[in-house]
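Heads up: the sequence shown at position 252 corresponds to 252 in the working numbering, and the numbers run straight through without jumps. The next block holds one structure in the form of structure tokens; read it before the comments.
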Amino acid sequence: MTATGASEGAGVRGAPTAGPWWWARRRSAVLDVSLAVVSGLECAVEGGRFAANAQLPEALGLLLGLVVGAVLLVRRRWPVAVVLVAIAVLPAEMGGLLGMVGLYTLAASDVPRRIIALLTGMTMVGGVLTAFFAMRQDVVSEPAFHPPAWFLPVMTMAVCLVMTAPPVLWGLYVGARRRLVESLRERADGLERELSLLADRAEERAEWARNEERTRIAREMHDVVAHRVSLMVVHSAALQAIALKDPEKASKNAGLVGDMGRQALTELREMLGVLRTAEGSSVRRAPASDAPERLAAVAAQAKAKTPAAAPGGPAAGAPAQAAAEPDGEGPCLAELAELVGQSRAAGMTVELSVEGPAGDDADGTGPDYGPGVEQTVFRVVQEALTNVHKHAPGARARVRLAHRAGEVAVQVENGPSARGATDAGLPSGGNGLVGMRERVTALGGAFVSGPTDAGGFRVSAVVPAVAPAPATG
Numbered sequence: 001m002t003a004t005g006a007s008e009g010a011g012v013r014g015a016p017t018a019g020p021w022w023w024a025r026r027r028s029a030v031l032d033v034s035l036a037v038v039s040g041l042e043c044a045v046e047g048g049r050f051a052a053n054a055q056l057p058e059a060l061g062l063l064l065g066l067v068v069g070a071v072l073l074v075r076r077r078w079p080v081a082v083v084l085v086a087i088a089v090l091p092a093e094m095g096g097l098l099g100m101v102g103l104y105t106l107a108a109s110d111v112p113r114r115i116i117a118l119l120t121g122m123t124m125v126g127g128v129l130t131a132f133f134a135m136r137q138d139v140v141s142e143p144a145f146h147p148p149a150w151f152l153p154v155m156t157m158a159v160c161l162v163m164t165a166p167p168v169l170w171g172l173y174v175g176a177r178r179r180l181v182e183s184l185r186e187r188a189d190g191l192e193r194e195l196s197l198l199a200d201r202a203e204e205r206a207e208w209a210r211n212e213e214r215t216r217i218a219r220e221m222h223d224v225v226a227h228r229v230s231l232m233v234v235h236s237a238a239l240q241a242i243a244l245k246d247p248e249k250a251s252k253n254a255g256l257v258g259d260m261g262r263q264a265l266t267e268l269r270e271m272l273g274v275l276r277t278a279e280g281s282s283v284r285r286a287p288a289s290d291a292p293e294r295l296a297a298v299a300a301q302a303k304a305k306t307p308a309a310a311p312g313g314p315a316a317g318a319p320a321q322a323a324a325e326p327d328g329e330g331p332c333l334a335e336l337a338e339l340v341g342q343s344r345a346a347g348m349t350v351e352l353s354v355e356g357p358a359g360d361d362a363d364g365t366g367p368d369y370g371p372g373v374e375q376t377v378f379r380v381v382q383e384a385l386t387n388v389h390k391h392a393p394g395a396r397a398r399v400r401l402a403h404r405a406g407e408v409a410v411q412v413e414n415g416p417s418a419r420g421a422t423d424a425g426l427p428s429g430g431n432g433l434v435g436m437r438e439r440v441t442a443l444g445g446a447f448v449s450g451p452t453d454a455g456g457f458r459v460s461a462v463v464p465a466v467a468p469a470p471a472t473g
């Protein structure tokens, strides 16, 4: 079915009502029936006159006119057939409305332009010939009227142009407008589908980002809190063992436990404050992805407020000496010695060795790397020592830091537990090694962990000196 511009144009303005047969809407059917009735009456009158002039039964002319006029009922489905019928009845001087409506429908339809031009030319030729002979008879029948020689050709051409040009031009305009509207509608539908896909992808990316953020925050909180709480448990166990034998040392251990507990509470409060600030800052367009780095900075600042106490150190409750606070970028390699000292204070025999260009630095930890690289190496050592406290109490441990060309390597290895035990009774969520691996691989490094032949455990990590730039997009 070929739809005309009139029918399509109305469909753009409102919701169409389904019509019978080949009509898309009921209003289109009513319009075509009305045009067919008017055209049928016109053709019936003209057919009766033609039958009288041709000495044929008048009823035959009336019937022929009604049938010809009724052809407009199928103008939307077969516009070419309507125009051919109009051309066929031109010699009978009938079907003026049929021809104009047919040409309009043909021009507004999706029929190829060459067919439209061919049928329009045939209509004009037939109209010119019919009008010329009709006007010539009228001039001959009027002896008093003597027009010039150019009168008949000019008048017939003018009449044909008036009968054919306006409907064809109007039909071409309506058809072009309809096709433009359809193209715009298809483009709008395509854009809507693309926007829907983009919205779905954005939702997926947002969900992925939320999951990544939860993982990073959970990993950071695990690294920050688990180490200190593990040391508290170790000191508590030592306190219980020496409470009656050495009251003075027990008092010192009690002071250490209290200091670490206060520090742990301070870190928890500050981390929760950072999380609340990150949630509130999302309304102000602040990047929430900075929360893990801020958590690391909070932990480093809280840890720097109280230095680790060694056996035989200051009495319990003594105020901690001030330490230089980091620059807010989280722990760094310069704090490894302090981290190892905390484990020594908890009773672990641990050795720290640095390989590479360490002699050029005052802190003996080698060259400076990016904050992300140093923080990752620090967290690996921290988590490895925490695991030694948990799973190999009393075992000797060794921390090796190596500076190489374009990378930094760290290895934490412990021997078997000196007490023959495999667990110190500390709870473990099983996320420590996973978090270490995620940290290292996120920077493009390599991470390996596993038991040793001597019955201990080894954790090794190699991190590039320059962290890869985050992907944009």
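Cβ atoms here follow ideal geometry from the backbone N, Cα and C, with glycine treated the same way. From a predicted model like this one, the values you see are computed outputs, not experimental measurements.
Between the C-alpha atoms of ALA402 and ALA202 there is a straight-line separation of about 42 Å. For THR349, the enclosing beta strand (DSSP E) covers residues 349–355.
Annotation: LYS245 to SER236 spans about 15 Å, alpha carbon to alpha carbon.
Leaving aside the five residues that flank PRO416 on each side, the residues in its chain whose CB is nearer than 8 Å to its CB run, in chain order, ALA392, ALA395, ALA454, GLY455, GLY456.
According to the DSSP assignment, LEU103 belongs to no beta strand (DSSP E) but to the alpha helix (DSSP H) extending over 96–108.
Annotation for GLU413: the continuous beta strand (DSSP E) segment containing it runs 407–414. Taking the CA atoms as reference points, ILE217 sits about 12 Å from LEU268.
Under the 8 Å Cβ criterion, the segment 39–48 counts as touching the segment 89–103, having at least three qualifying pairs. Within 10 angstroms of the beta-carbon of ARG228 lie 16 or more other beta-carbons, which makes it buried.
In the three-state DSSP reduction, GLY450 falls in the strand class (E or B).
Residue pairing from DSSP places SER460 in a beta bridge opposite GLN411, VAL448. A Cβ-Cβ contact shorter than 8 Å links LEU35 with LEU72.
The beta carbons of PRO357 and PRO367 sit closer together than 8 Å. For ARG404, the enclosing beta strand (DSSP E) has its first and last residue at 396–404. Here LEU60 has ALA51 as same chain residues with Cβ atoms under 7 Å from its own Cβ, once five neighbours each way along the sequence are excluded. For ALA54, there is no enclosing alpha helix (DSSP H), as DSSP marks it with neither H nor E.
With respect to the 8 Å criterion, VAL381 and VAL463 are not classified as neighbours on the basis of their beta carbons. By the Cβ-count criterion, LEU256 is buried, with 16 or more other Cβ atoms from all chains shown falling within 10 Å of its own Cβ. Judged by beta-carbon spacing, LEU103 lies beyond the 8 Å limit of GLY175, meaning their Cβ atoms are not closer than that value.
Where GLY432 is concerned, the enclosing alpha helix (DSSP H) starts and stops at 432–442. The beta carbons of ALA107 and VAL168 sit closer together than 8 Å. Looking only at ALA29, MET124, LEU64, GLY445, the smallest Cα-Cα distance to PRO166 is reached by MET124. Per the coordinates, the alpha-carbon of ASP189 lies some 33 Å from the alpha-carbon of VAL101. Assigned with DSSP and collapsed to three states, ASP368 falls in coil, not helix or strand. For ARG219, the three-state secondary structure derived from DSSP is helix. In the DSSP assignment, GLY455 falls outside any alpha helix (DSSP H) and carries neither an H nor an E.
Under the DSSP assignment, SER417 falls outside any alpha helix (DSSP H); it carries neither an H nor an E label. If you look at GLU338, you'll find it in the alpha helix (DSSP H) that goes 336–345. Cα atoms of SER353 and ALA243: separation of roughly 34 Å, rounded to the nearest angstrom. When ALA144, ILE116, LEU129 are compared, the shortest CA-CA separation from MET157 is found for LEU129. For VAL80, the enclosing alpha helix (DSSP H) covers residues 79–88. Contact annotation, GLY126 with LEU90: C-beta distance approximately 4 Å; criterion of less than 8 Å satisfied. MET260 has its alpha-carbon roughly 24 Å from the corresponding atom of VAL412. Taken through DSSP and simplified to helix, strand or coil, ALA465 comes out as coil. Setting aside the 5 residues that flank it on each side, GLY445 is surrounded in the same chain by THR376, GLU407, ALA461, VAL462, VAL463, PRO464, each with a C-beta closer than 8 Å to its C-beta; the list follows chain order.
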